[in-house]
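Data block below; observations after.
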Amino acid sequence: MRVHTAVVPAAGMGTRFLPATKAVPKELLPIIDTPALQLIIDEAVGAGVDHMVIVTSRAKPAIEAYFQPQPEVIAKLRSSGRDQLADRVEALGRDVKVSFAFQDQALGLGHAVGCAREVVGDEPFAVLLPDELMGSSSLLDQMARLCESTGGSVVGLKEVPHEDVGAYGVIDPAGTLDADGVIPVRSMVEKPKPADAPSNLIIIGRYVLTPDVFDEIAQVQPGAGGEIQLTDALKAQAARSPFHGVVRDVLRYDTGNPLGWLTANIEIALQDPKIGPQLREWLPTQL
Ligand code: G1P
């Protein structure tokens, strides 16, 4: 079955971006002029998704506000001849259905995904962690197709130096990478000590999951960091169903901390046809 729903866990407090995140959710911080959350939606839509489920918290009303129509702003833009911008703002959230689920306790990523259960229903779905931005939809698209053809869950993977694995979920491969970057997964472990890690292939923030994962999440006990870990639920799935990872050479930005967010902004701005040329001239003068 084609994947048409995507879940975005967005209930976190954004402590790494305080004080900005006192009032503005981390997911709405801009990459140039576009909230990171919008880029995540665009990526998902590009992979065939038509229903976004945002898992948020009632302490972050701005996330819901972002999807409300703003007729006064649109009217003002149109009356001043800025139709192109008016069209763009008006289209936000219209090419896709947006639903909300609420996670009012920070119990971990597995718990956050579990909060989306009722809205997702009984079909495969994608999960996109909004701290990571991709340069295109191609990875998610390939993952969705693989889930469709194998009937099992799929995770996005990246090879990192062995000493860096401890901050991530790490897979235990059951074979080798094929020409499409696909690898079968036997098991996985969340935030292992590098010496105990089964590989140097880490799970990046893209998942396409079969809905039985919700039963696994409901049974998972607190793991690494005392949290309900998604990786632990996936490990249980991998033990009894086909499970694959995909390594793909796609641009990826980690915007979960101020330095990563800033460098993503600069890299993306350098390619922007409007501000790129000016930035390119100015940047070397600062070095
Ligand atoms: C989460 C997942 C982890 C994954 C990582 C990717 O960790 O639990 O398996 O590798 O995202 O960014 P977190 O960054 O929330 O600690």
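For reference, each letter of the sequence shown is one residue, going 1 to 287 in our numbering.
Backbone N, C-alpha and C define an ideal beta-carbon position, used for all residues, glycine too.
With a threshold of 8 Å on Cβ separation, who are the neighbours of Lys193 within its own chain once the five nearest residues in sequence on each side are excluded?
Within the sequence shown, residue 193 is the residue found at index 193, counting from 1. For Lys193, where only same-chain residues beyond five positions count, the Cβ hits under 8 Å are Gly166.
Only counting the same chain, and skipping five residues up and downstream in sequence, which positions put a Cβ closer than 6 Å to that of Arg16?
Residue numbering aside, residue 16 sits at position 16 when the sequence shown is read from its first letter. Cβ within range, chain order: Asn257.
Please determine, among Leu28, Ile203, Glu123 and Val208, the residue with the shortest C-alpha to C-alpha distance to Trp261.
Position 261 of the sequence shown, counted from the first residue, corresponds to residue 261. Checking every option, the nearest Cα to that of Trp261 belongs to Leu28.
Does any C-beta atom of chain B lie closer than 8 Å to the C-beta of His162?
Absent here is chain B; the protein component of the structure consists of one chain.
Since Thr5 contacts Val49 with CB under 8 Å, what's their CB separation in whole angstroms?
Taking the first residue of the sequence shown as position 1, residue 5 is located at position 5. Taking the first residue of the sequence shown as position 1, residue 49 is located at position 49. With 8 Å as the limit, Thr5 and Val49 qualify as a contact, their Cβ atoms being about 7 Å apart.
Report back the beta-carbon spacing between Ile63 and Pro30 to the nearest angstrom; my notes put them in contact at under 8 Å.
Along the sequence shown, read from residue 1 onward, the residue named residue 63 stands at position 63. Along the sequence shown, read from residue 1 onward, the residue named residue 30 stands at position 30. Actually they are not in contact, since the Cβ atoms of Ile63 and Pro30 sit about 14 Å apart, beyond 8 Å.
Backbone CA spacing between Ala236 and Gly121 [nearest angstrom]:
Indexing the sequence shown from 1 puts residue 236 at position 236. Indexing the sequence shown from 1 puts residue 121 at position 121. Near 20 Å, if we compare the C-alpha coordinates of Gly121 and Ala236.
Could you compute how far the alpha carbon of Asp164 sits from the alpha carbon of Asp196?
On the sequence shown, position 164 is the one that residue 164 refers to. On the sequence shown, position 196 is the one that residue 196 refers to. Those two C-alpha atoms are separated by around 12 Å.
With a floor of 4 residues, list each alpha helix (DSSP H) that falls wholly inside the region 96-148, ordered by position along the chain.
109-114 and 117-120
On a CA-only basis, which of Leu37, Ala59 and Leu283 is nearest Ala23? Give me that one, please.
Translated into the one-based positions of the sequence shown, residue 23 becomes position 23. Measuring from the Cα of Ala23, the nearest candidate turns out to be Ala59.
Helix, strand or coil, according to DSSP, for Val45 in the structure here?
The count along the sequence shown starts at 1 and reaches residue 45 at position 45. Helix at Val45.
Taking the straight line between their C-alpha atoms, what separation do you get for Leu234 and Met1?
To locate residue 234, count along the sequence shown from 1; it is residue 234. To locate residue 1, count along the sequence shown from 1; it is residue 1. Distance between the alpha carbons of Leu234 and Met1: 20 Å.
Assuming contact is defined by CB atoms lying nearer than 8 Å, are Ser136 and Val250 in contact in what I supplied?
Here residue 136 refers to the residue found at position 136 when the sequence shown is read from its first residue. Here residue 250 refers to the residue found at position 250 when the sequence shown is read from its first residue. Closer than 8 Å, so yes.
Please go through the same chain and pick out, in chain order, the residues whose beta-carbon is closer than 8 Å to the beta-carbon of Arg252, but skip the five residues on each side of it.
Within the sequence shown, residue 252 is the residue found at index 252, counting from 1. Taken in chain order, the residues that qualify are Glu132, Leu133, Met134, Gly135, Lys158 and Ile204.
Quick check on Lys158: does DSSP put it in helix, strand or coil?
Reading the sequence shown from its first residue, position 158 is the one you call residue 158. DSSP places Lys158 in strand when its eight states are reduced to three.
For the region 213-231 against the region 106-113, are there 3 or more C-beta pairs whose distance is under 8 Å?
yes
Compute the minimum distance between the beta carbon of Leu29 and the heavy atoms of the ligand G1P, and state whether it is under 7 Å.
Counting from one through the sequence shown, the residue named residue 29 turns up at place 29. No - the ligand G1P has no heavy atom lying nearer than 7 Å to the Cβ of Leu29.
Tell me, which residues are paired with Asp87 by DSSP?
Taking the sequence shown and counting its residues from 1, the one referred to as residue 87 is at position 87. Paired residues: none, contrary to the question.
DSSP three-state label for Cys276, please.
Taking the sequence shown and counting its residues from 1, one reaches residue 276 at position 276. A small fix is needed here, since residue 276 is Gly in this sequence, not Cys. It is helical.
If I follow the unbroken alpha helix (DSSP H) through Pro25, where does it start and stop?
The sequence position of residue 25 within the sequence shown is 25, counting from 1. Neither: Pro25 is in no alpha helix (DSSP H) and is coded neither H nor E.
Residue environment, Arg206, which counts as buried when at least 16 other CB atoms sit within 10 Å
Here residue 206 refers to the residue found at position 206 when the sequence shown is read from its first residue. Buried, because 16 or more other Cβ atoms sit within 10 Å of the Cβ of Arg206.
Can you tell me which of the three DSSP states Thr285 falls into?
For this step, residue 285 is matched to residue 285 along the sequence shown. Of the three classes helix, strand and coil, the one that applies to Thr285 here is helix, per DSSP.
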